[in-house]
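Colleague:
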Amino acid sequence: MNTKNQVKRTEIATLGEFGLIETIKAKFDKLINPTSIIGIGDDAAVIQAKENEQILLAADMMVEGIHFDLAYTPLKHLGYKAAIINFSDIAAMNGVPTQITVSIAISNRFSVEAIDELYEGIKAACSLYQVDLVGGDTTSSVSGLIISISVLGFVKPEWVVKRSGAKVGDYVCVTGDLGAAYMGLQVLEREKLGFIADPTIQPNLEEKDYLIQRLLKPEARLDIIHQWKEQNFIPSAMIDISDGLASEIKHICAASNVGVQIVYENIPLDPSTQNTSLEFNINPSVCALNGGEDYELLFTTSAENYLKVKNNPDITLIGHIIEKEKGCNLLTENGLNIPLYAQGWNHFEK
Ligand code: ADP
Ligand code: MG
Numbered sequence: 009m010n011t012k013n014q015v016k017r018t019e020i021a022t023l024g025e026f027g028l029i030e031t032i033k034a035k036f037d038k039l040i041n042p043t044s045i046i047g048i049g050d051d052a053a054v055i056q057a058k059e060n061e062q063i064l065l066a067a068d069m070m071v072e073g074i075h076f077d078l079a080y081t082p083l084k085h086l087g088y089k090a091a092i093i094n095f096s097d098i099a100a101m102n103g104v105p106t107q108i109t110v111s112i113a114i115s116n117r118f119s120v121e122a123i124d125e126l127y128e129g130i131k132a133a134c135s136l137y138q139v140d141l142v143g144g145d146t147t148s149s150v151s152g153l154i155i156s157i158s159v160l161g162f163v164k165p166e167w168v169v170k171r172s173g174a175k176v177g178d179y180v181c182v183t184g185d186l187g188a189a190y191m192g193l194q195v196l197e198r199e200k201l202g203f204i205a206d207p208t209i210q211p212n213l214e215e216k217d218y219l220i221q222r223l224l225k226p227e228a229r230l231d232i233i234h235q236w237k238e239q240n241f242i243p244s245a246m247i248d249i250s251d252g253l254a255s256e257i258k259h260i261c262a263a264s265n266v267g268v269q270i271v272y273e274n275i276p277l278d279p280s281t282q283n284t285s286l287e288f289n290i291n292p293s294v295c296a297l298n299g300g301e302d303y304e305l306l307f308t309t310s311a312e313n314y315l316k317v318k319n320n321p322d323i324t325l326i327g328h329i330i331e332k333e334k335g336c337n338l339l340t341e342n343g344l345n346i347p348l349y350a351q352g353w354n355h356f357e358k
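My numbering puts the sequence shown at residues 9 to 358.
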């Protein structure tokens with residue numbers, strides 16, 4: 009028998025809920041933000057209010073079987089991602105995240121070591137983004153894992169960017185590239201099915217690193233938010249791309265009471281996203297428009313202000329805002345201008 013692969017397993021019952029919280033507390037004992045006054049250990053965290061700044065508060069919940077599959081999601085990555093998607097919501101308001109609380113529901117399927125892995129991922133994200141974990145809640149669940157994170161951030165009132173600020177004539181831009189996380193998911197789903205069919209085969213993940221990394225270890229674009237502060241640039245409207253470009257731009261249009269013209273050929277796709285989508289017989293446009301979980305920023309800006317960010321290689325102009333009556337449209341690579349659908353316009357492509 010090969011005992012090498014046997015990982016140590018401590019039942020949560022041996023520590024109890026309070027013992028488990030103690031191990032979490034030990035991991036996050038050093039608070040880094042001056043606004044973090046009291047963290048884990050009391051009935052509530054204490055946060056220092058800031059003069060002339062407003063507080064941003066957001067929450068995101070991830071449920072096993074709905075938002076993640078532990079067959080191919082290491083717990084450390086899951087913790088990292090759960091934190092990142094919250095940081096991204098604060099970035100999308102043009103703010104900076106500073107504190108999170110983490111609430112988990114766990115069954116006895118999970119060991120102390122497994123929960124430790126989860127919090128190692130959260131800690132890695134918190135260290136990188138300079139965010140403090142200041143509290144949470146722990147409870148049991150019948151089978152699956154649920155992780156719910158709340159995030160708090162700060163922003164100057166005049167810097168807040170809402171979904172509702174887009175004006176006719178504004179440019180529409182995105183950061184980074186789109187669709188890679190969606191293709192990463194397709195790759196991992198394929199390998200999972202292959203593994204179920206034949207557990208002896210090794211996964212074939214050659215040249216898929218970028219796609220898988222985009223799915224399992226996304227980043228929040230706070231680098232962009234910080235750059236903009238220096239450039240004195242404030243978008244007119246913004247949202248983060250968690251559900252796919254088509255659906256997010258429609259949120260901006262609905263909130264701003266405007267329409268949009270997107271040019272498909274301008275949407276930034278990584279070559280590996282393009283190649284892998286063809287390999288999977290998926291139209292690359294589906295990745296770009298309907299693939300989610302990229303956590304890039306989608307924003308609008310006046311043509312004049314656009315000049316401030318124009319030279320950033322990480323920002324791509326993909327369209328412009330038009331009158332609401334003209335609708336939300338996509339100029340396809342064939343020169344057809346079609347209505348933008350939030351769910352797959354690929355059925356137009358017969
Ligand atoms: P209460 O009964 O007041 O809810 P708890 O015993 O649940 O207190 O929590 C004690 C402390 O530990 C609190 O500061 C709480 O925020 C923190 N805490 C509890 N569970 C977690 C968790 N899963 N992650 C981080 N902090 C936690
Ligand atoms: Mg509690």
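Idealized CB from N, CA, C, for every residue including glycine.
Determine the extent of the alpha helix (DSSP H) in which H85 is found, giving its start and end residues.
Modeller: Element bounds for H85: L83 to A99.
Colleague: Should E304 go down as buried or exposed, given a rule of 16 or more other Cβ atoms within 10 Å for buried?
Modeller: With 16 or more Cβ atoms within 10 Å of its Cβ, E304 is classed as buried.
Colleague: Please classify T22: is it buried, with 16 or more other beta-carbons within 10 angstroms of its beta-carbon, or exposed?
Modeller: Counting Cβ neighbours within 10 Å, T22 comes out exposed, since fewer than 16 surround it.
Colleague: So, under 8 Å CB-CB, A296 and I275 are touching, yes? Tell me the CB distance rounded to an integer number of Å.
Modeller: Contact holds; Cβ gap of about 4 Å.
Colleague: Short of 7 Å in beta carbon distance, which residues of its chain neighbour H355, apart from the five on each side in sequence? Order them along the chain.
Modeller: A caution first: H355 carries a pLDDT of 39, below 50, which makes its placement in the model too unreliable to give a value.
Colleague: Skipping 5 residues on each side, what residues in its chain have a beta carbon closer than 6 Å to that of F263?
Modeller: It is Ala, not Phe, that sits at residue 263 in the sequence shown. Cβ neighbours of A263 beyond the five flanking positions: R171 and S172.
Colleague: Determine the direct distance from the alpha carbon of P292 to that of E341, and round the result to whole angstroms.
Modeller: Approximately 11 Å, taken between the alpha carbons.
Colleague: Quick check: what's the CA-CA separation for L338 versus L348?
Modeller: Rounded to the nearest angstrom, the two C-alpha atoms are 5 Å apart.
Colleague: With a threshold of 8 Å on Cβ separation, who are the neighbours of F118 within its own chain once the five nearest residues in sequence on each side are excluded?
Modeller: Within the same chain, F118 has close Cβ partners I20 and L153.
Colleague: Do you know how far the Cα of A122 is from the Cα of H328?
Modeller: Approximately 47 Å between the Cα atoms of the pair.
Colleague: Cβ of S149 within 7 Å of Cβ of A113?
Modeller: Yes, the pair counts as a contact, with Cβ atoms nearer than the cut-off.
Colleague: When you compare the CB positions of L223 and L193, do they come within less than 7 Å of one another, or not?
Modeller: Their beta carbons are under 7 Å apart, which means L223 touches L193 by this criterion.
Colleague: Between V317, V195, G47 and G103, which has its C-alpha nearest F288's C-alpha?
Modeller: The option with the nearest alpha carbon to F288 is V195.
Colleague: E357 by DSSP, collapsed to three states: which one?
Modeller: Here the model assigns E357 a pLDDT of 44, short of 50, so the residue's position is not dependable, and the following value carries that caveat. Residue state, collapsed to three classes: helix.
Colleague: Between which two residues does the alpha helix (DSSP H) carrying V317 extend?
Modeller: Run containing V317: none; DSSP gives neither H nor E here.
Colleague: Check whether the Cβ of G299 lies closer than 6 Å to any heavy atom of the ligand ADP, and answer yes or no.
Modeller: Every heavy atom of the ligand ADP is 6 Å or more from the Cβ of G299, so no.
Colleague: From I109 to V182, what does the alpha carbon distance come to, in whole angstroms?
Modeller: Inspection of the sequence shows that residue 109 is occupied by Thr rather than by Ile. Their Cα atoms are separated by approximately 29 Å.
Colleague: Assuming the contact rule is C-beta atoms closer than 8 Å, G129 and G73 should be a hit. Round their C-beta distance to whole Å, please.
Modeller: With 8 Å as the limit, G129 and G73 do not qualify as a contact, their Cβ atoms being about 19 Å apart.
Colleague: Please look up how many angstroms separate the CB atoms of L65 and L160, rounded, as I've assumed it's under 8 Å.
Modeller: Yes, L65 and L160 are in contact; Cβ-Cβ is about 6 Å, under 8 Å.
Colleague: Which of the three DSSP states, helix, strand or coil, is assigned to G24?
Modeller: The answer is helix: DSSP assigns G24 an H, G or I state.
Colleague: Does the distance from the C-beta atom of K89 to that of P243 stay below 7 Å?
Modeller: Not a contact, by the Cβ cut-off of 7 Å.
Colleague: So who's on the other strand from N283, going by DSSP bridges?
Modeller: N283 is not bridged to any residue.
Colleague: DSSP on G335, reduced to helix/strand/coil?
Modeller: Reduced to three states, the DSSP call for G335 is coil.
Colleague: Which runs of the beta strand (DSSP E) spanning at least 3 residues fall entirely within the region 101-187, listed in chain order?
Modeller: If we require 3 residues or more, the beta strand (DSSP E) runs fully inside the region 101-187 come out as 104-114, 140-148, 154-163 and 179-183.
Colleague: Looking at Q239: is its Cβ nearer than 7 Å to the Cβ of K316?
Modeller: Taking 7 Å as the Cβ cut-off, Q239 and K316 qualify as a contacting pair.
Colleague: Got a sec? Which residues, its chain only, sit under 8 Å from S310 by beta carbon, not counting five neighbours each side?
Modeller: Around S310: K175, G177, D178, Y179 and S244.
Colleague: Does the Cβ of V2 lie closer than 6 Å to at least one heavy atom of the ligand ADP?
Modeller: Because the chain is modelled from 9 through 358, residue 2 falls outside the range shown and cannot be assessed.
Colleague: CA-CA distance, K358 and Q282?
Modeller: Note that K358 scores a pLDDT of 39, beneath 50, so its modelled location is shaky; the value from the coordinates is reported in the next line. Those two C-alpha atoms are separated by around 19 Å.
Colleague: What number of angstroms, rounded off, separates the C-alpha of G103 from the C-alpha of N320?
Modeller: The straight-line gap from Cα to Cα measures roughly 20 Å.
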